[in-house]
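Chemist: Those sequence lines, one after another, are chains A and B.
My numbering puts the first sequence at residues 1 to 315.
My numbering puts the second sequence at residues 1001 to 1311.
All C-beta atoms, glycine included, are put in the ideal place defined by N, C-alpha and C.
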Amino acid sequence: MNNVTLLFHKPWIWSFIAVLSAWVATIIFTGGLGGAGLAQAALTFAAFSVIVGIGQMFVITLGPGNIDLSIPATMTLSATLALKFMNTDGALVLPGLLIALGVGLAVGTANFGLIKLLKIPPIIATLSSSFLIQSTAIWSNRGLRIKPPEVLTDFTTSSVLGVPNVALLSFVLAVAAYFILMRSLFGRWVLAIGQNMRAARLAGVPVDGVRFSTYVLCGVLAAVAGYFLASFSGGAALNMGTEYLLTSIAVVVIGGSSVAGGNSNVPGIWGASLFLFLVVSMLNTFGVGAGVRLIMTGLIIIAVITLAGGRKSMK
Amino acid sequence: MTSDRLRQLLPAFSLAVLLISVFYIQPRTMSYLGLNLLFNLAVPIALATIAQMLIIAVNDLDLSMGAFVSFVACVAATFLRDTPLLGVLILAGAIGVYALVGILIYVRNLPAIVVTLGMSFVWGGLAVLILPSPGGAAPEWARWLMKTKPPGIPMAIVASILIAGIAHFLVMRSSFGVVIRGVGGNERSVERAGWSILWVRAAAYASAGFFAVLAGILLVGLTTAADANIALRYTLLSIAGVILGGGEFTGGRVSPIGAVIGALTLTLAGSFLSFLRISSDWQIGAQGAILIIVLALRVLLNRSKQGAGVR
Chain A
1 MNNVTLLFHK PWIWSFIAVL SAWVATIIFT GGLGGAGLAQ AALTFAAFSV IVGIGQMFVI
61 TLGPGNIDLS IPATMTLSAT LALKFMNTDG ALVLPGLLIA LGVGLAVGTA NFGLIKLLKI
121 PPIIATLSSS FLIQSTAIWS NRGLRIKPPE VLTDFTTSSV LGVPNVALLS FVLAVAAYFI
181 LMRSLFGRWV LAIGQNMRAA RLAGVPVDGV RFSTYVLCGV LAAVAGYFLA SFSGGAALNM
241 GTEYLLTSIA VVVIGGSSVA GGNSNVPGIW GASLFLFLVV SMLNTFGVGA GVRLIMTGLI
301 IIAVITLAGG RKSMK
Chain B
1001 MTSDRLRQLL PAFSLAVLLI SVFYIQPRTM SYLGLNLLFN LAVPIALATI AQMLIIAVND
1061 LDLSMGAFVS FVACVAATFL RDTPLLGVLI LAGAIGVYAL VGILIYVRNL PAIVVTLGMS
1121 FVWGGLAVLI LPSPGGAAPE WARWLMKTKP PGIPMAIVAS ILIAGIAHFL VMRSSFGVVI
1181 RGVGGNERSV ERAGWSILWV RAAAYASAGF FAVLAGILLV GLTTAADANI ALRYTLLSIA
1241 GVILGGGEFT GGRVSPIGAV IGALTLTLAG SFLSFLRISS DWQIGAQGAI LIIVLALRVL
1301 LNRSKQGAGV R
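1. Restricting to Cα atoms, I'd like to know which of G1124(B), H1168(B), L1129(B), L1266(B) is closest to L1015(B).
2. Taking the alpha helix (DSSP H) that L1237(B) belongs to, which residues open and close that run?
3. Rounded to the nearest angstrom, what separates I1095(B) and S281(A) at their Cα positions?
4. List the residues of chain A that D1281(B) touches, going by C-beta distances under 7 Å, in chain order.
5. I want to know whether the segment 1109-1119 of chain B touches the segment 1205-1219 of chain B - three or more CB-CB distances under 8 Å.
6. List the residues of chain B that K119(A) touches, going by C-beta distances under 7 Å, in chain order.
7. Can you give me, in chain order, the residues of the segment 1125-1147 of chain B that have a beta carbon less than 7 Å from any beta carbon in chain A?
8. In whole angstroms, what is the alpha-carbon distance linking L105(A) and A236(A)?
9. Assess contact between the segment 1056-1071 of chain B and the segment 1248-1259 of chain B, defined as three or more Cβ pairs (one per stretch) separated by less than 8 Å. Is contact present?
10. So L293(A) contacts chain B; which residues on that side make the cut at Cβ distance below 8 Å?
11. Quick check on the burial criterion: 16 or more other C-beta atoms within 10 angstroms. Buried or exposed for N3(A)?
12. Does any residue of chain A bring its CB to less than 7 Å from the CB of F1275(B)?
13. Going by DSSP, name the residue or residues bridged to A236(A).
14. Which of the residues in the segment 1247-1262 of chain B, read from start to end, lie with their CB under 7 Å from any CB of chain A?
15. Measuring CB to CB, does Y1205(B) end up less than 7 Å from A1099(B)?
16. Where in the segment 57-122 of chain A do unbroken runs of the alpha helix (DSSP H), each at least 4 residues long, occur, reported from the N-terminal end onward?
17. Quick check: the Cα distance between L221(A) and I54(A), rounded to an integer number of angstroms?
18. If you measure between the beta carbons of A1137(B) and A1228(B), is that distance less than 7 Å?
19. For chain B, find out if any of its Cβ atoms is closer than 7 Å to the Cβ of S264(A); answer yes or no.
20. What does A290(A) reach in chain B if we use C-beta pairs closer than 9 Å?
21. With the cut-off set at 7 Å, would you say A192(A) and V205(A) are in Cβ contact?
22. In three-state terms, what does DSSP make of V160(A)?
23. What residue from N263(A), A260(A), L101(A), L246(A) has the CA that sits closest to S297(A)'s CA?
24. Which of the three DSSP states, helix, strand or coil, is assigned to G343(A)?
25. Would you say F1121(B) reaches chain A, if we count a Cβ-Cβ gap shorter than 7 Å as a contact?
26. With a CB to CB cut of under 7 Å and the five nearest residues on each side skipped, what residues in its chain are close to I1157(B)?
27. Along chain A, in chain order, which residues have C-beta atoms closer than 9 Å to that of V1213(B)?
28. In chain order, what residues of the same chain have a beta carbon less than 7 Å from the beta carbon of G90(A), not counting five sequence neighbours either side?
29. Count the other CB atoms, across all protein chains shown, that sit within 10 Å of the CB of I28(A); report buried if there are 16 or more and exposed otherwise.
30. Once the 5 residues before and after A36(A) are set aside, which same chain residues still bring their CB inside 8 Å of it?
31. How far does the alpha helix (DSSP H) with A1112(B) in it extend, from its first residue to its last?
32. Can you give, in chain order, each stretch of the alpha helix (DSSP H) that sits fully within the segment 1207-1287 of chain B and has at least 4 residues?
33. Measure the beta-carbon distance from L181(A) to V190(A) and round it to whole angstroms, keeping in mind my assumption that it falls under 8 Å.
34. According to the neighbour-count rule (16 or more other Cβ atoms, all chains shown, within 10 Å of its Cβ), is W270(A) buried or exposed?
35. Which residues in chain A have a C-beta closer than 7 Å to the C-beta of L1117(B)? List them in chain order.
36. For S184(A), which residues in chain B fall below 8 Å Cβ to Cβ?
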């Protein structure tokens, strides 16, 4: 088999083909104007989806029923607490980041604690913890937009050689996630648990430890995404995480990872994140309203999963 | 009393404890008007919870519930009021779409979470098309239905009992309900018994759509106007209600009466704090806390049951 056919057997290739067609369709419509700007905007906005998507992917890889619904609440809480602590003081950027990471660590620990101690499905555990996290965020945020330090705003809104900083950051995270998932013992354990938890346990995989670390990883990544998203968008707001609940799940699935777990890939998350942004901007360029845009987004998600599911059943 | 029996009574018990605390803090709620105010917002949530329960009974999960109820509310506040026939046709069509989603999920063996996730965008988009800004007005009869004052028992309580009764009959007593729960428990054995899984699943989704339509209409009857985001919280609330009421995600183990009680408990937990004069910031947190407390109690009961078995 030559390299090209090998490439087309990768589960994530379809999301990149979709990205290219959405980009080309938009460029053709605008008559070749704004292609670079569009690519830059796509990279910036996709970067945040990628960061939360990686965390969600590790959780989903753990097998059926594993999902983290507390991502939006975690993003809001970590951004609120970190930005409040920094109080626009550029010298406190690092301690602020540590606070955000601490929030993610605490959320992940609480989530796994609920799953393990109460023996409840992760959906319910993360759902009930997200209610508590959200309330804490509302209480601490008071409905205001808390401003970030200028250094952080500058960092998140500027770019190096035309590539946005946040895209570089999340590219580095994605590469790290790829090596953790595909090349490290931990990643192999995650995949093994997703394929058959009982077999993994019998084979000596420290199942509880791996699941615990995975939920913590997801919480920490959500916290990081919240920290940078708030800096990028001019402040921590209560509803800043809302859309990322659906996005985090959608990018994992559209990217070609198996929803049943045990079979995931990292490149697809980038492809799907870029695709979701480009579809919205493509429809914007075509001049359709918010309603039609939402409907098209939904239908595209369903179409992609229907086609992807069909590929699997044909095997 | 055995711990099994205690476990079944747990949802009702938690509601009773919460209600007694509210009565204790504010005795004036112990009246016709007070009870109605405490529970009338729970009526549409209870209907949405029953709808979610029907989907969970066949081992799926509906993440589009909130968007769909919002869409129905928008239709009810516009078409159903101005051109009732068209309104009814739209809602019937929407129930048909629910059945089609169930069929698509089964035929292509797709994850329900992702397909309903996509549908939540579709319903949300349709709602925005119908009502780009908050507005519309509830049909007179829907408002009348929620404002009517039956003698003796407040409407909110009557409605909750009716919903629980009808859902209990449909899911626990009718052959339709047995087959639906059977699909959740063991799909293959239901198929061997000669049922078409395709149609059973389509019917489960369609009846979920029907209950969700009722939820949307009654919600507009309460609020008198609609908005495209009016019920987005229903997705998570309905799932929490089913679990709080003793339902489980797999195996077709659901309880309609428990689900209605779960919805009432969540609503009451939300308003409980205002009686304690605690800031409403913690309203959502209280719902999360009550969920965790009840689930923890359930674990304790299970543990004592296992302990008794060993002895």
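Modeler: Taking the coordinates as given:
1. Selected option, being the one with the closest Cα: L1266(B).
2. 1234-1244
3. 31 Å
4. S135, I138, W139
5. no
6. At a beta-carbon threshold of 7 Å, the residues of chain B lying near K119(A) are V1299, ordered along the chain.
7. G1125, L1126, V1128, L1129
8. 19 Å
9. yes
10. The displayed chain sequence assigns Arg, not Leu, to residue 293(A). Residues of chain B passing the Cβ test: G1125.
11. Exposed, by the Cβ-count rule.
12. no
13. I146(A)
14. F1249
15. Their beta carbons are under 7 Å apart, which means Y1205(B) touches A1099(B) by this criterion.
16. 71-86, 93-117
17. 8 Å
18. no
19. no
20. Near A290(A) (Cβ distances below 9 Å), the residues of chain B are G1125, V1128, L1129, P1132.
21. yes
22. In the three-state DSSP reduction, V160(A) falls in the strand class (E or B).
23. Note on residue identity: the sequence assigns Thr, not Ser, to residue 297(A). The option with the nearest alpha carbon to T297(A) is L246(A).
24. Not covered by the structure: residue 343(A). The range shown for chain A is 1 to 315.
25. yes
26. L1035, F1039
27. Neighbours of V1213(B) on chain A: none; closest Cβ ~19 Å, over 9 Å.
28. P149, E150, V151
29. exposed
30. G162
31. Unbroken alpha helix (DSSP H) run through A1112(B): 1112-1130.
32. 1234-1244, 1256-1275
33. 7 Å
34. buried
35. Here the neighbours are L246, I249, A250, I301.
36. Chain B residues near S184(A): none, gap ~27 Å exceeds 8 Å.
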